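Numbering (the working numbering), first residue to last: 3 to 304. For each residue, glycine too, the CB sits at the ideal point set by N, CA and C. Computed from a predicted structure; not experimentally measured. The structure appears right after this line, and notes come after that.
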Ligand code: SIN
Ligand code: FE
């Protein structure tokens, strides 16, 4: 099946009528999401139960991490509270993780048995005015790539839900298609120093050995965030995700920035690019074609 042609930022958002996580009209959206669309479900809400309403509050954070996260084996990180409160917080995030899984199984039948769930998180902090370094500043357009968490080319598929009790939108910007963005920055990409990936891994600074793909993606992430001219002039569209809505995106592919909002749930899934409908649209393959060299082999197939 052909992948949809890459959309302009204004066309990247596609809305669907689903109201339920497990059942609904939408299915077989692999081509759209692989083509760089943001799948938007304005009527699909993650409902907080009555006793969970108070969890949309930064006070449950331990102050060290910017998210409260549930690791895949069920371990809660970054939260503080009594054992009973922590149990309820964990149950809430686990319910989101389950519903996100039900949703992706329905939307992407072609990925069944191939997606691997990563962390789920509650993100309780206000975005606007948050103090951070330019490299961690997600109000700048970027594709996701993390120094300590190399993906080695595995795809990052993310499900987000705005759960703001005050009803404010999560405000994003969406940028140009990955291939255009990568082509304009490719001349500035530098090959890593021999041995650098192994040294970082041995020092515990990267959880897995980075491949040349990870090096290229981290450079793209930093180059685009540091380029203020690109940030203001590049093609982009503003999108508001209302409280009570959900959206799904390959965040390693779609240029995105978050400008405002508070209280969001998120679940990450990993997918091997060879398990895509069209592996050629993966950032790994796009970058290999652009740079004319091999960028390592993705590993960790679910
Ligand atoms: C991100 O840049 O991946 C974070 C998006 C958000 O917090 O809305
Ligand atoms: Fe991001």
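| query | Can you tell me the Cα-Cα spacing of residue 173 and residue 199, whole angstroms? | reply | 35 Å
| residue 45 versus 56, 52, 27, 38, residue with shortest Cα-Cα distance | 27
| For residue 102, does the three-state DSSP call read helix, strand or coil? | helix
| request: Kindly examine ligand 1 and report whether one of its heavy atoms sits closer than 7 Å to the Cβ of residue 265. | output: no
| task | Kindly indicate which three-state DSSP category residue 129 falls into: helix, strand or coil? | result | coil
| Residues in its own chain within less than 6 Å of residue 141 by CB, not counting five upstream and five downstream? | 259, 261
| query | Are the CB atoms of residue 175 and residue 238 nearer to each other than 8 Å? | reply | yes
| query | Could you give the distance in angstroms between the alpha-carbon of residue 33 and the alpha-carbon of residue 83? | reply | 43 Å
| Of all the options 277, 146, 236, 133, which has the alpha carbon lying nearest to the alpha carbon of residue 217? | 146
| task | With a 10 Å radius around its C-beta and 16 neighbouring C-beta atoms as the bar for buried, classify residue 160 as buried or exposed. | result | buried
| query | Would you call residue 136 buried or exposed, if buried means 16 or more other Cβ atoms sit within 10 Å of its Cβ? | reply | exposed
| request: Out of 125, 296, 98, point me to the one whose CA is closest to residue 64's CA. | output: 125
| field | Reference residue 40, options 253, 148, 297, closest by Cα | value | 253
| said: Would residue 210 and residue 118 qualify as a contact pair, given that the criterion is a beta-carbon distance under 8 Å? | reply: no
| query | Just the residues with CB closer than 5 Å to a heavy atom of ligand 1, in chain order, which are they? | reply | 140, 260
| task | Label residue 21 either buried or exposed according to how many other C-beta atoms from any shown protein chain fall within 10 Å of its C-beta, with 16 as the threshold for buried. | result | exposed
| field | CB-CB length for residue 180 against residue 288, believed under 8 Å | value | 6 Å
| request: Using only alpha-carbon positions, find the residue among 89, 11, 15, 10 that is nearest to residue 243. | output: 15
| request: Name the residue from 256, 50, 55 whose alpha carbon lies nearest to the alpha carbon of residue 157. | output: 256
| task | Alpha carbon to alpha carbon, how far is residue 72 from residue 92? Give it in angstroms, no decimals. | result | 7 Å
| query | Shortest alpha-carbon distance to residue 170 belongs to which of 128, 182, 190, 283? | reply | 128
| message | Please tell me whether residue 300 has its Cβ less than 8 Å away from any Cβ of chain C. | response | As a matter of chain content, chain C is missing from the structure shown, which is built from one protein chain.
| query | Is residue 20 near ligand 2, judged by its Cβ being under 7 Å from some heavy atom? | reply | no
| request: Return yes when the C-beta of residue 123 is under 7 Å from any heavy atom of ligand 2, and no when it is not. | output: no
| task | Rounded to whole angstroms, what's the CA-CA distance from residue 102 to residue 270? Just pull it up for me. | result | 9 Å
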